[in-house]
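Beneath this line is the structure, given in structure tokens, with notes to follow.
Residue numbers (the numbering used here): 16 to 223.
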């Protein structure tokens, strides 16, 4: 499998395209639907689904456009299904950016179970990594993990937003992510990729 990172929007959120020889998964299309679609066109793979690590505005802004363009389903944690259509919960309605319109996304077709999935020949496990938001999940593929806004290179996700919890986030990282092989690349919702070993050894939230 291959993974392509696309920075979207003014906050440079990372959308990921996960593909094998035939099919493709879209993870967290935050904004810039046309840019994402152009990259999908270059890959010449068939989009199968949109997977969401969580539902803050900067991770869902292009969901409706891409869902309509490709006629594909959306997967989300049941704990944040309602956030998709609520601008206060997904934070788009809090006036964080002057030119931001309220983001209202129609309900996701599927709600994640915490289990292993295989879509289009691509296998991944969904694990709960709350703390940044109550329904945050990470996707563990065979050779890498997509961690949303739980873990960053040298940092962790914010915990001062609604349903955020620092202790819960630290526990999520330690129990669900730091137990993975050290050499495994970790792809976050913002910034550059890292590895599990790098964060275990050098992340200041765990080495102070």
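All residues carry an ideal CB built from backbone N, CA and C; glycine is no exception.
None of these values were measured; they are calculated from a predicted model.
Rounded to whole angstroms, the separation of the alpha carbons of residue 158 and residue 43 is 19 Å. Cα atoms of residue 139 and residue 101: separation of roughly 29 Å, rounded to the nearest angstrom. Taken in chain order, the whole alpha helix (DSSP H) runs of length 4 or more contained in the region 34-79 are 48-58, 72-75.
Burial is judged here by how many other beta carbons sit within 10 angstroms of a residue's own beta carbon; residue 116 has fewer than 16 and is exposed.
Contact check for residue 168 against residue 194 fails: the beta carbons are separated by 8 Å or more. Per DSSP, the continuous beta strand (DSSP E) segment holding residue 17 begins and ends at 17-23.
When the five nearest sequence neighbours on each side are left out, the beta carbons in the same chain lying within less than 8 Å of the beta carbon of residue 207 are those of 168, in order along the chain.
For residue 133, the enclosing beta strand (DSSP E) stretches over residues 131-134. In the DSSP assignment, residue 138 falls within the unbroken beta strand (DSSP E) covering 137-143. Listed in chain order, the non-local C-beta contacts of residue 61 below 7 Å within the same chain comprise 37, 38, 39, local neighbours out to five positions each way being set aside. Here DSSP, grouped into helix, strand and coil, assigns residue 212 to helix. Rounded to the nearest whole angstrom, the C-alpha separation of residue 133 and residue 118 is 30 Å. In the three-state scheme derived from DSSP, where H, G and I count as helix and E and B as strand, residue 204 is classed as coil. The region 144-185 contains no complete alpha helix (DSSP H) run of 4 or more residues. Segment contact: the region 47-62 against the region 91-101, fewer than three CB-CB distances shorter than 8 Å; contact not assigned. Taking each of 153, 48, 27 in turn and checking the Cα distance to residue 67, the smallest one comes out for 153.
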